[in-house]
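Q: Please see the structure below; I have some questions.
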Amino acid sequence: MTTDIHSANWVNPNHPTPAGKPPATQVGVVGWLRANLFSGVGNSILTLVTLGVVYFVLTGLVRWLLGAYWEPVWANRKLFAVGPYPTDQLRQPAAVLLVVCALFGVSAGRWGSIIRSLAIGLGALLSVLAILPIGMQAQLLMGVAVALLVIGYLVGLKVPIATRWLMLAWLASLVFTAIVLRGGIELPRLGIAWSFAPLVDPGLYGGLMLTMILAIVGITLSFPLGVMLALGRRSTMPVIKYFSIIYIEVVRGVPLITILFLAMAMLPLFLPSGWSSPPGLVRVLTAITLFSAAYLAENVRGGLQALPNGQYEAAEALGLRHWDKLRFIILPQALTKVIPALVGQFIGLFKDTSLASLVGLLELVGIGKAVIQQPEWMGVPGGAAKEVYIFVAFVFFIFNFGLSFASRKLETKLGVGKR
Amino acid sequence: MAGHLLSDDIIVCNGVNKWYGEFQALKNVSLAVKRQEVVVIIGPSGSGKSTFIRTINRLEEHQSGEIVVDGIPLTRDVRNIETIRMETGMVFQQFNLFPHLTVLQNITLAPIQVRKMKKKDAEALAMELLIRVKIPEQAAKFPGQLSGGQQQRVAIARALAMRPKIMLFDEPTSALDPEMIREVLEVMEDLAESGMTMLVVTHEMGFARGVADRVVFMDSGEIVEIGTPEIFFGNPQHDRTKLFLQQILK
Numbered sequence: 002m003t004t005d006i007h008s009a010n011w012v013n014p015n016h017p018t019p020a021g022k023p024p025a026t027q028v029g030v031v032g033w034l035r036a037n038l039f040s041g042v043g044n045s046i047l048t049l050v051t052l053g054v055v056y057f058v059l060t061g062l063v064r065w066l067l068g069a070y071w072e073p074v075w076a077n078r079k080l081f082a083v084g085p086y087p088t089d090q091l092r093q094p095a096a097v098l099l100v101v102c103a104l105f106g107v108s109a110g111r112w113g114s115i116i117r118s119l120a121i122g123l124g125a126l127l128s129v130l131a132i133l134p135i136g137m138q139a140q141l142l143m144g145v146a147v148a149l150l151v152i153g154y155l156v157g158l159k160v161p162i163a164t165r166w167l168m169l170a171w172l173a174s175l176v177f178t179a180i181v182l183r184g185g186i187e188l189p190r191l192g193i194a195w196s197f198a199p200l201v202d203p204g205l206y207g208g209l210m211l212t213m214i215l216a217i218v219g220i221t222l223s224f225p226l227g228v229m230l231a232l233g234r235r236s237t238m239p240v241i242k243y244f245s246i247i248y249i250e251v252v253r254g255v256p257l258i259t260i261l262f263l264a265m266a267m268l269p270l271f272l273p274s275g276w277s278s279p280p281g282l283v284r285v286l287t288a289i290t291l292f293s294a295a296y297l298a299e300n301v302r303g304g305l306q307a308l309p310n311g312q313y314e315a316a317e318a319l320g321l322r323h324w325d326k327l328r329f330i331i332l333p334q335a336l337t338k339v340i341p342a343l344v345g346q347f348i349g350l351f352k353d354t355s356l357a358s359l360v361g362l363l364e365l366v367g368i369g370k371a372v373i374q375q376p377e378w379m380g381v382p383g384g385a386a387k388e389v390y391i392f393v394a395f396v397f398f399i400f401n402f403g404l405s406f407a408s409r410k411l412e413t414k415l416g417v418g419k420r
Numbered sequence: 003m004a005g006h007l008l009s010d011d012i013i014v015c016n017g018v019n020k021w022y023g024e025f026q027a028l029k030n031v032s033l034a035v036k037r038q039e040v041v042v043i044i045g046p047s048g049s050g051k052s053t054f055i056r057t058i059n060r061l062e063e064h065q066s067g068e069i070v071v072d073g074i075p076l077t078r079d080v081r082n083i084e085t086i087r088m089e090t091g092m093v094f095q096q097f098n099l100f101p102h103l104t105v106l107q108n109i110t111l112a113p114i115q116v117r118k119m120k121k122k123d124a125e126a127l128a129m130e131l132l133i134r135v136k137i138p139e140q141a142a143k144f145p146g147q148l149s150g151g152q153q154q155r156v157a158i159a160r161a162l163a164m165r166p167k168i169m170l171f172d173e174p175t176s177a178l179d180p181e182m183i184r185e186v187l188e189v190m191e192d193l194a195e196s197g198m199t200m201l202v203v204t205h206e207m208g209f210a211r212g213v214a215d216r217v218v219f220m221d222s223g224e225i226v227e228i229g230t231p232e233i234f235f236g237n238p239q240h241d242r243t244k245l246f247l248q249q250i251l252k
């Protein structure tokens with residue numbers, strides 16, 4: 002019985018009517034094509050032209066990729082991986098890789114979905130490298146790394162390790178990496194000199210290994226610094242507030258490359274006298290960290306501002322003290338709001354590590370440039386540049402895509418951005 | 003309320019003034035609230051009633067005059083402010099629940115972090131309070147999954163979990179659909195009956211009439227009239243009060 006729309010009084014005899022199902026889409030593939038790509042002469046022509054362009058570009062690209070001269074990349078795979086690190090001490094970076102994989106596996110088991118997806122990605126990458134004929138020892142290493150990843154995962158699933166221990170383990174792994182890559186510890190100021198192998202000059206760290214070190218340490222250190230600066234900027238205490246503002250504005254006002262040059266030239270001036278001159282690696286890390294922190298601070302500040310006042314007030318009314326308020330109420334909400342901006346900054350940082358090549362560090366791009374200059378490739382038509390840079394770009398892409406992917410998954414998991 | 007052993011004043015405000023820049027939001031406000039008393043504050047918007055109630059737990063700062071809560075003077079001293087905030091619970095018009103925490107976590111957070119309760123005890127307390135506000139089954143849900151009335155009841159439970167001596171309500175039902183106002187007012191009535199000291203800013207005249215010990219009428223930043231419900235509603239003294247009541251109680 003339909004509503005009599007003209008009557009003054011009417012009662013719905015069916016209320017409450019049970020909900021029904023929506024109509025099935027009548028389209029199907031052909032229907033979709035017809036509706037979206039070929040819905041009229043103009044659209045159809047546009048579709049065909051676009052398909053044509055895509056076809057030519059793709060086939061051109063694939064043909065080039067297959068016919069390209071990859072020898073420069075292949076022959077220098079060790080350089081791309083670890084730079085000019087002493088060839089007879091490669092056991093050390095290998096150990097670091099294995100420890101990181103094991104830890105990653107355990108984290109994937111304990112912390113679930115997102116880390117697990119990343120671990121799968123890492124595992125796939127390592128497996129591919131294990132299969133490619135990069136050299137017996139290297140392939141074996143990749144194989145063991147994958148195995149550790151899997152074993153770590155299983156351990157993580159079964160053994161209920163508390164988060165705080167896992168975090169400590171990761172922190173310890175940073176120290177472990179520093180010591181193992183160096184071959185020991187040498188802090189002349191503190192009179193400490195111990196080594197288990199010939200000490201390796203940090204200037205010899207290079208390739209993807211160096212890029213990862215710069216990026217991971219940079220991200221790990223700049224993030225808390227950025228959060229503190231953001232909070233400092235909103236502080237009511239004038240000294241803290243103005244220090245934060247000045248820091249952020251000055252650092253954001255200059256290009257990273259100038260900060261890198263300054264750090265290389267001037268860092269010793271800022272350290273207490275008597276401290277030994279820090280290696281270039283430390284200077285670059287300092288520059289990258291200080292630089293990124295300023296940008297992260299502004300991103301975090303955006304999140305802090307977006308948080309409704311009521312949240313601050315409710316926390317205060319409950320008697321939550323300052324740090325508890327930040328830790329439980331403010332930061333969890335503010336940071337999740339700005340995940341896209343934060344991850345964007347991390348991705349930027351990862352790529353900015355390439356600037357280290359301009360101050361003498363041989364990270365991935367630096368190695369690329371060095372390889373191109375190698376005399377072996379001088380006779381090659383077109384030089385080695387195309388292949389090398391495509392390879393370097395591809396490596397960057399893989400890792401940044403991983404970051405992006407993790408960010409998307411994190412947002413879905415937190416239910417952000419749906420509202 | 004018949005005489006109790008402790009019927010001395012738990013909130014004393016004397017000559018409280020507050021300015022926002024040039025604008026004076028509170029003019030010489032003086033009020034004393036006894037333990038276990040229910041005081042309802044009514045008035046037109048902009049009258050300063052919300053501002054006043056928020057000065058009591060220092061969500062707003064008063065420029066002159068004194069406020070003493072349970073014997074503790076409210077000054078710039080952070081320790082005093084923190085102690086007073088532990089003694090007062092507040093319920094907001096916009097609920098202000100923490101959306102990233104479950105209902106249970108919303109309630110247990112402060113007892114665990116501020117009163118240092120053990121998690122088990124805090125959760126037991128939380129469930130007890132959820133039963134009291136009649137929504138124990140919602141404990142594992144997130145605030146976004148609850149109706150407005152349910153959220154406000156969780157907010158009340160969250161404030162009660164700190165075992166405050168005073169409950170402050172800032173227009174607790176103004177953001178609710180009419181259907182849900184009743185369930186929240188019932189919880190507030192139960193609370194009043196159980197002997198809690200309550201300071202309530204509201205437009206719900208039924209609540210004021212039925213539950214309040216005293217009604218305070220504010221306009222333009224000052225208290226115009228105070229009276230028991232019988233006198234206040236039956237025989238208002240001031241012209242401004244009469245005008246307001248006429249408009250409200252058509």
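Protein chains in written order, with this note's numbering: chain R, 2 to 420; chain U, 3 to 252. No residue lacks a Cβ here, since even glycine has one placed at the ideal position from N, Cα and C.
Out of R:Pro239, R:Trp112, R:Ala298, which one is the CA nearest neighbour of R:Val339?
A: Sequence index remark: in the first sequence, residue 339 of chain R carries index 338 (1-based). In this structure, R:Ala298 is the residue among R:Pro239, R:Trp112, R:Ala298 with its C-alpha nearest to the C-alpha of R:Val339.
Q: Going by the beta-carbon positions, is the gap between R:Ala1 and U:Phe100 smaller than 9 Å?
A: Residue numbering for chain R in the displayed model covers 2 to 420; residue 1 of chain R lies beyond these limits and cannot be assessed.
Q: Mind pulling the alpha helix (DSSP H) runs of 4 or more residues that sit fully within the segment 70 to 152 of chain U?
A: Fully enclosed alpha helix (DSSP H) runs of 4 or longer: 80 to 89, 105 to 115, 121 to 134.
Q: Which residues bound the beta strand (DSSP E) around U:Ile225?
A: By 1-based counting over the second sequence, the position of residue 225 of chain U is 223. First-last of the beta strand (DSSP E) with U:Ile225: 224 to 229.
Q: What does DSSP give as the partner residue(s) for U:Trp21 in the beta ladder?
A: Taking the second sequence and counting its residues from 1, one reaches residue 21 of chain U at position 19. For U:Trp21, DSSP records a beta bridge to U:Gln26.
Q: Quick check on U:Ala4 - is its C-beta less than 9 Å from some C-beta in chain R?
A: Residue 4 of chain U sits at position 2 when you count from the first residue of the second sequence. In this prediction, U:Ala4 scores a pLDDT of 43, lower than 50, which makes its location untrustworthy; no coordinate-derived value is stated.
Q: DSSP puts U:Arg216 in a beta bridge; with which residues?
A: Here residue 216 of chain U corresponds to residue number 214 of the second sequence, with the count starting at 1. U:Arg216 pairs with U:Val41.
Q: Span of the beta strand (DSSP E) holding U:Met169?
A: For the purposes of this step, residue 169 of chain U is identified with residue 167 of the second sequence, where counting begins at 1. U:Met169 -> beta strand (DSSP E) spans 168 to 172.
Q: Are R:Asp202 and R:Pro280 touching if we call contact CB-CB under 9 Å?
A: Taking the first residue of the first sequence as 1, we reach residue 202 of chain R at position 201. Taking the first residue of the first sequence as 1, we reach residue 280 of chain R at position 279. For R:Asp202 and R:Pro280, yes; Cβs fall inside 9 Å.
Q: Within 10 angstroms of the Cβ of U:Met200, are there 16 or more other Cβ atoms? Answer buried if so, exposed if not.
A: Position 198 of the second sequence, counting from 1, holds the residue named residue 200 of chain U. Buried, since its Cβ has 16 or more Cβ neighbours within 10 Å.
Q: According to the neighbour-count rule (16 or more other Cβ atoms, all chains shown, within 10 Å of its Cβ), is R:Lys326 buried or exposed?
A: The residue labelled residue 326 of chain R in the question sits at position 325 within the first sequence. Burial check for R:Lys326: the Cβ neighbour count within 10 Å reaches 16 or more, so the residue is buried.
Q: Sorted by chain position, which residues of the same chain lie with C-beta nearer than 7 Å to R:Phe292's C-beta, five sequence neighbours on each side aside?
A: Counting from one through the first sequence, the residue named residue 292 of chain R turns up at place 291. Closer than 7 Å at the Cβ level, and outside the excluded window around R:Phe292, lie Val252, Leu257, Ile260.
Q: Just the chain R side, please: which residues come within less than 8 Å of U:Met88 by C-beta, in chain order?
A: Locating residue 88 of chain U in the second sequence gives position 86, where the first residue counts as 1. Going along chain R in sequence order, the residues near U:Met88 (Cβ under 8 Å) are Gly320.
Q: Say whether chain R places a C-beta atom closer than 9 Å to the C-beta of U:Glu84.
A: Taking the first residue of the second sequence as position 1, residue 84 of chain U is located at position 82. Chain R contact via Cβ: present.
Q: Could you name each continuous alpha helix (DSSP H) segment of 4 residues or more that falls completely within the segment 161 to 188 of chain R, going from the start of the chain to the end?
A: Here the runs fully enclosed are 164 to 183.
Q: In three-state terms, what does DSSP make of R:Val255?
A: Here residue 255 of chain R corresponds to residue number 254 of the first sequence, with the count starting at 1. In this structure, R:Val255 counts as coil in the three-state DSSP scheme.
Q: From the beta carbon of R:Gln93, is the nearest beta carbon of chain U less than 9 Å away?
A: Within the first sequence, numbered from 1, the residue matching residue 93 of chain R stands at position 92. It does not: the Cβ of R:Gln93 has no partner Cβ on chain U nearer than 9 Å.
Q: When you compare the CB positions of R:Val83 and R:Met210, do they come within less than 9 Å of one another, or not?
A: Mapped onto the first sequence, residue 83 of chain R falls at position 82. Mapped onto the first sequence, residue 210 of chain R falls at position 209. Going by C-beta atoms, R:Val83 is nearer than 9 Å to R:Met210.
Q: Go ahead and label U:Glu181 buried or exposed: buried means 16 or more other beta carbons lie within 10 angstroms of its beta carbon, across all protein chains shown.
A: Indexing the second sequence from 1 puts residue 181 of chain U at position 179. Result: exposed.
Q: Does U:Lys244 pass the burial test, meaning 16 or more other C-beta atoms within 10 Å, or should it be called exposed?
A: Here the question's residue 244 of chain U lines up with position 242 in the second sequence. Exposed.
Q: By Cβ distance below 6 Å, which residues in the same chain neighbour U:Leu187 in space, the five residues on each side in sequence not counted?
A: Translated into positions along the second sequence, residue 187 of chain U becomes position 185. Excluding residues within five positions, the ones whose Cβ falls inside 6 Å are Phe209.
Q: Which word fits R:Val55, buried or exposed, when buried means at least 16 other C-beta atoms lie within 10 angstroms of its C-beta?
A: Taking the first sequence and counting its residues from 1, one reaches residue 55 of chain R at position 54. By the neighbour-count rule (16 or more Cβ atoms within 10 Å), R:Val55 is not buried but exposed.
Q: On the DSSP letters alone, give me the boundaries of the alpha helix (DSSP H) that U:Leu178 sits inside.
A: Along the second sequence, read from residue 1 onward, the residue named residue 178 of chain U stands at position 176. In the DSSP assignment, U:Leu178 falls outside any alpha helix (DSSP H), carrying neither H nor E.
Q: How long is the line joining the alpha carbons of R:Asn37 and R:Thr413, rounded to whole angstroms?
A: By 1-based counting over the first sequence, the position of residue 37 of chain R is 36. By 1-based counting over the first sequence, the position of residue 413 of chain R is 412. Those two C-alpha atoms are separated by around 28 Å.
Q: Here's a check: name, in chain order, each residue in its chain whose Cβ is nearer than 7 Å to the Cβ of U:Gln96, leaving out the five neighbours to either side.
A: Within the second sequence, residue 96 of chain U is the residue found at index 94, counting from 1. For U:Gln96, where only same-chain residues beyond five positions count, the Cβ hits under 7 Å are Ala177.
Q: Just the Cα atoms here: how many angstroms apart are R:Leu47 and R:Pro23?
A: Along the first sequence, one-based indexing puts residue 47 of chain R at 46. Along the first sequence, one-based indexing puts residue 23 of chain R at 22. About 33 Å.
Q: My understanding is that U:Ile55 touches U:Val218, with C-beta atoms under 8 Å, so please give their C-beta distance in whole angstroms.
A: For this step, residue 55 of chain U is matched to residue 53 along the second sequence. For this step, residue 218 of chain U is matched to residue 216 along the second sequence. Incorrect: roughly 10 Å between the Cβ atoms, too far for contact.
Q: Distance, Cα to Cα, U:Lys143 vs U:Gln152?
A: By 1-based counting over the second sequence, the position of residue 143 of chain U is 141. By 1-based counting over the second sequence, the position of residue 152 of chain U is 150. About 11 Å.
Q: Could you compute how far the alpha carbon of R:Phe81 sits from the alpha carbon of R:Asp89?
A: Start at 1 with the first residue of the first sequence, and residue 81 of chain R comes out as number 80. Start at 1 with the first residue of the first sequence, and residue 89 of chain R comes out as number 88. Near 16 Å, if we compare the C-alpha coordinates of R:Asp89 and R:Phe81.
Q: So with Cβ pairs under 9 Å, would you call R:Thr337 a contact of chain U?
A: Working through the first sequence from its first residue, we reach residue 337 of chain R at position 336. Yes, R:Thr337 lies at the interface with chain U (some Cβ there is under 9 Å from its Cβ).
Q: Count the other C-beta atoms from every protein chain shown that fall within 10 angstroms of the C-beta of U:Asp179, then say buried if there are 16 or more, exposed otherwise.
A: Walking along the second sequence from the start, residue 179 of chain U turns up at place 177. Classification of U:Asp179: exposed, given that the 10 Å Cβ count is below 16.
Q: Out of U:Val42, U:Asp72, U:Phe25, U:Arg81, which one is the CA nearest neighbour of U:Phe235?
A: Position 233 of the second sequence, counted from the first residue, corresponds to residue 235 of chain U. Comparing Cα-Cα distances from U:Phe235 to each of U:Val42, U:Asp72, U:Phe25, U:Arg81, the minimum goes to U:Val42.
Q: Which of helix, strand or coil does DSSP assign to R:Leu359?
A: By 1-based counting over the first sequence, the position of residue 359 of chain R is 358. The three-state reading of DSSP puts R:Leu359 in helix, counting H, G and I together.
Q: Identify the contact partners of R:Glu317 in chain U, using a Cβ-Cβ distance below 7 Å as the criterion.
A: Within the first sequence, residue 317 of chain R is the residue found at index 316, counting from 1. Here the neighbours are Leu61, Arg87.
Q: Looking at the C-beta of R:Gln334, does it have a partner C-beta in chain U at a distance below 9 Å?
A: By one-based count along the first sequence, residue 334 of chain R stands at place 333. It does: the Cβ of R:Gln334 has a partner Cβ on chain U nearer than 9 Å.
Q: I need the boundaries of the alpha helix (DSSP H) containing U:Gly164, first residue and last residue.
A: Working through the second sequence from its first residue, we reach residue 164 of chain U at position 162. According to the sequence provided, residue 164 of chain U is Met. The question's Gly does not apply to it. Per DSSP, U:Met164 is not a residue of any alpha helix (DSSP H), being assigned neither H nor E.
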